[in-house]
Amino acid sequence: MTAINKDKEKDSADNAAVSVDSVSKAFAARLVLDNISLGVAQGQSVCVCGVNGAGKSTLLRIIAGLMQPDAGSVRLCGHNIRTNPEKAKPQLGVISHKSMVYPDLTVFENLSFFANLYGVKDSAARVDELLEDVGLSSYRYDRATILSRGLLQRLAIARALVHRPIVLLADEPFTGLDAEACQHLISVLANFTDNGGTTVMTTHDINIGMKCCDRVVVLDRTRLIFDAMMCDIDTISFTQDYLSYARNKN
Amino acid sequence: MKYFWLSFKAIFVKDIVTELRAKQVLPTMIVLGMLIVWILRIASEAATKVAPESPPLIGAAALWIALLFSGLLAQEKSFATEHQQDCIYGLLLAPVDAATIYLAKLLVNVVMLCIFELIIVPVVIVFFQLIVPDRWFTLIAVLMLGNIGISAVGTLFSAIVQLRGSLLSIVVLVILMPMMIPATSALMMLFAPSHSALVPVSSFASAIKYMIAFDAVFVTACWLLFGFAIKE
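In the order they appear, the protein sequences are chains A and B. Per our numbering, the first sequence starts with residue 36, numbered consecutively. Per our numbering, the second sequence starts with residue 22, numbered consecutively.
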């Protein structure tokens, strides 16, 4: 749990899908991220693990441009999220444990709204296609407020993908989902990566993270303490080491 | 420019549809507005015995008090839907300018106040026996200028209150004070022209100029500040 593969940091070149460069963030006197650098190549899926308060969500919010870092920069497909948001934002889709959809709009209206915000051409056809993909076609005229947690998460996935992003950020996306909904989400993430998409996901559940990612990064309070490809590690011993580390931290 | 209109229309339609379905804002505005008008009507009846010509003056005040408080109450809720399910992040993640979000929300709030006025203005006219002969257009113009001023400041502060949890509503009332003086004066001059000498603004034209200036300054300022208000 101490080794960081330095080769990964070289990925933070301009051609990386996600490039986090020397990012630091503090809330008042409490340092949350200290000089974090992370490069994610296109088509890669990265799981950012860490205990509660490790700074995972803060890192994702900074990558998404929802929070400004105190130092450092973030580039999405070569576009700086702060200085060139009109180019960077269309590359990005975000899922979190909250759906970001409007309860009083129908499933179709929600997706059409976001498609229009992103200027998607022929938005109705795109929404129909997505509803088919996530299995919500029969719910298209139902208001989001009546959907179950699992169906709501499917709608959230469709919302995040409506503009065909290249990078998908997922902040604790499995929270509150049952086994079937988790399986569906894993297959959607796998499908997204297989089609050349890049995923950065945070989770405190290492098992689920390893199921759907090909690279794992562990964020301790303020810094990255582990970074390796899944194919380079023994998953069983890594899981044991991580769980032991998490128990000590908590 | 085409993209601006597309996202502006999307946000405007979304907010109107959401409100018409949720029915949260308009019923609250109407109940509060009616209550204010009713209370002032009772006071006006008593005042009539002392000063028989007071109802038009109290009517003008009643209309603005109802508009101001009902409007602010409604506008405080205009960002509540964005707060549910973190929808505001969905908006901020899209390549939409904060100014576009502000202008769409501002228009929604102006439309809501206009609908409210369609109900409350006839009630005030009947309750206070106001006479508006041949000056309907002027009345509508004064009310629209007031709408825009209240909504301009209210939209910005509703975002701040909802997203940052501050109790800043009271600040809105202080900011709106410079507009409420000419606004009330304009309606008093409109409803009771014979008492024009009693109002604090020298002429009807001056009152309208003050209101136009207030709207221009605060729509521009709030439009520019909105981006800072909604970003962390």
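Here a beta-carbon is modelled for each residue, glycine too, at the ideal position from N, C-alpha and C.
Residue-level contact to chain A via CB, Gln183 of chain B, 8 Å cutoff: no
Exposed unless 16 or more other CB atoms sit within 10 angstroms - verdict on Thr233 of chain A: buried
Phe261 of chain A (DSSP reduced to helix, strand or coil): strand
Contacting residues, own chain, Cβ-Cβ under 6 Å from Ser28 of chain B (five flanking each side not counted): Val117, Thr121
Test item: CB-CB of Ala195 of chain A and Met236 of chain A under 8 Å: no
8 Å Cβ cutoff, Ile194 of chain A in contact with chain B: Per the sequence presented here, residue 194 of chain A reads as Arg, with Ile not at that position. So, interface residue.
Whole-angstrom C-beta distance between Ile140 of chain B and Ile51 of chain B, which should lie under 8 Å: 6 Å
Proximity of Val253 of chain A and Cys112 of chain A at Cβ, strictly below 8 Å: Against a cut-off of 8 Å, the Cβ pair of Cys112 of chain A and Val253 of chain A comes out as no contact.
Residues of the region 22-45 of chain B with Cβ closer than 7 Å to any Cβ of chain A, in chain order: Tyr24, Leu27, Ser28, Ala31, Lys35, Val38, Thr39, Arg42, Ala43
Helix, strand or coil at Ala76 of chain A according to DSSP, with G and I counted as helix: coil
Opening and closing residue of the alpha helix (DSSP H) in which Gly248 of chain B lies: 225-251
Euclidean distance between Cα positions of Ala204 of chain B and Ile229 of chain B: 8 Å
At least 3 beta-carbon pairs within less than 8 Å: the region 73-86 of chain B vs the region 162-171 of chain A: no
Cβ neighbour criterion (16 or more within 10 Å) applied to Tyr280 of chain A: buried
C-beta atoms of Ala89 of chain A and Arg256 of chain A nearer than 8 Å: Taking 8 Å as the Cβ cut-off, Ala89 of chain A and Arg256 of chain A qualify as a contacting pair.
Spatial neighbours of Cys322 of chain A in its chain, beta-carbon cut-off 8 Å, leaving aside the 5 residues before and after: For residue 322 of chain A there is no data in the structure shown, the boundaries of chain A being 36 and 285.
Alpha-carbon to alpha-carbon, Gln188 of chain A and Ile268 of chain A: CA-CA distance, Ile268 of chain A to Gln188 of chain A, rounds to 31 Å.
6 Å Cβ shell around His114 of chain A - same chain, five flanking residues per side excluded: Lys122, Ala123
Proximity below 8 Å, CB of Asp36 of chain B to CB of Val129 of chain B: Cβ distance < 8 Å, so Asp36 of chain B and Val129 of chain B count as in contact.
Close Cβ partners of Gln79 of chain A (< 7 Å) along its chain, the five nearest in sequence each way excluded: Its chain contains Thr233, Asp249, Arg250 as the residues whose beta carbon lies nearer than 7 Å to that of Gln79 of chain A, once the 5 sequence neighbours on both sides are disregarded; these appear in chain order.
DSSP state of Ala101 of chain B mapped onto helix, strand, coil: Three-state result, Ala101 of chain B: helix.
Where Phe149 of chain A meets chain B, residues with beta-carbon distance less than 8 Å: Gly111, Ala115
Closer than 7 Å at the beta carbon, the chain B residues around Ser134 of chain A: Gln106
At least 3 beta-carbon pairs within less than 8 Å: the region 88-95 of chain B vs the region 128-142 of chain A: No, they do not touch.
Neighbourhood of Met193 of chain B by C-beta distance below 7 Å, restricted to the same chain and skipping five residues each side: In the sequence as presented, Met is not what sits at residue 193 of chain B; that position holds Val. Leu93, Val174, Gly175, Phe178, listed in sequence order.
Chain A contact residues for Thr102 of chain B, given Cβ-Cβ distances below 7 Å: Tyr137
Sequence-distant residues of its chain with Cβ nearer than 6 Å to Val287 of chain A (five each side left out): Outside the modelled stretch of chain A, which goes from 36 to 285, sits residue 287 of chain A, for which no answer is possible.
Contact belief for Met209 of chain B with Gly167 of chain B at Cβ below 8 Å, rounded distance in angstroms: Met209 of chain B to Gly167 of chain B, Cβ: 13 Å. No contact.
Secondary structure of Arg161 of chain A, DSSP reduced to three states: helix
Contact belief for Phe149 of chain B with Gly80 of chain B at Cβ below 8 Å, rounded distance in angstroms: 3 Å
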